[in-house]
Amino acid sequence: MPSRRRDAIRRGMSLGLLVVLLAGAAGVGWWMTSTREQIRREVTGLAETIPAVQNIMTVPHDLFLLPDMRGLDPAARAAADQRLAEFENRASVYQAFEALDAAELTFEERALRKPLRLAVDDYYAASSKAAEFDRQNTGTGGLTARNPWQSIRRDHGEQVRELSDRLLVSLEARNAALNTDLRVAGVVGRVAFAVAAVLTVLTGVLVVRWVLRRRSAGREKPHRP
């Protein structure tokens, strides 16, 4: 086989290999960019979901209306009721559940959502019963009977704490893993595009050299008389 033909075959194979490598590197870079955007969307979603769960975690509070705040004075009663309502802020808690419904949760996380909502509902119901009991059983000297709803309220509060804590731990672990994946995808994507850029230059150099050799060979070809 003539030397020039072997050289042409080698150059052709080299060019083909560079093109394949270039396509592969560009494909990896594009795929990593797409993956990174998908991960970024998930991280953004978790950034909205985690505060919602943290809001739910504030539901069980230690504030309980003391007997001396439950006198017969209507103004004192109204102030105590307002203080309790502001602390519980039930509307924002149920808005947090709406955020959970719209969030992309795992199967295990979604399985915690229903019992958590029930625990919150039970807690608020017991809290209202406890407040009503205080209003009905408070004399000038304070409470006239032990409030049975206080312990029930505390039990439901413990349920809320446990379930919301499990949900928050899962979300934060997933958020940490996604942020790690985001950084890795960014590094791999940048490396892939850098490799693609180098391969593009090498491919261009090889093509130019091939064209110059072809022209040189054409000029050196002897003319027939």
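Position 163 of the sequence shown, counted from 1, bears residue number 163 in full-length UniProt numbering, the numbering being contiguous throughout.
Where a beta carbon is used, it is the ideal one built from N, C-alpha and C, also for glycine.
Counting C-beta pairs with one atom in each stretch, the stretch 49 to 59 and the stretch 180 to 190 have fewer than three that are closer than 8 Å, which means they do not touch. When the beta-carbon positions are compared, residue 42 and residue 178 come within less than 7 Å of each other. Counting only residues of its own chain and dropping the five nearest sequence neighbours on each side, residue 168 has a CB closer than 8 Å to the CB of 50, 53, 54, 57. The stretch 159 to 176 and the stretch 109 to 121 touch, with no fewer than 3 CB-CB distances between them shorter than 8 Å. For residue 127, the number of other beta carbons within 10 angstroms of its own is at least 16, and it is reported as buried.
In its chain, beyond the 5 residues on either side, 56, 57, 59, 60, 116, 119, 120, 123 have a beta carbon closer than 8 Å to the beta carbon of residue 160. In the displayed model, residue 106 falls within coil according to three-state DSSP, outside both helix and strand. Under the three-state reduction of DSSP output, residue 58 falls in the coil class, being neither helix nor strand. Rounded to the nearest whole angstrom, the C-alpha separation of residue 93 and residue 135 is 25 Å. Take residue 39, set aside five residues on each side of it, and the residues of its chain with a beta-carbon closer than 7 Å to its own are 178, 181, 182, 185, in chain order. Going by C-alpha positions, residue 125 is about 10 Å away from residue 149. About 7 Å separates the beta carbons of residue 174 and residue 46, which is inside the 8 Å limit, making them a contact pair. For residue 148, the secondary structure class from DSSP, reduced to helix, strand or coil, is coil. Cα atoms of residue 28 and residue 162: separation of roughly 43 Å, rounded to the nearest angstrom. If you ignore the 5 residues before and after residue 153, its C-beta comes within less than 7 Å of the C-beta of 123, 126, 127, 130, all in its own chain and listed in chain order. Within the same chain, 119, 122, 123, 126 come within 7 Å of residue 156 by CB-CB distance, once the 5 residues on both sides are set aside.
With at least 16 other beta carbons inside 10 angstroms of its own, residue 96 counts as buried.
If you draw a straight line from the Cα of residue 98 to the Cα of residue 35, it comes to about 28 Å.
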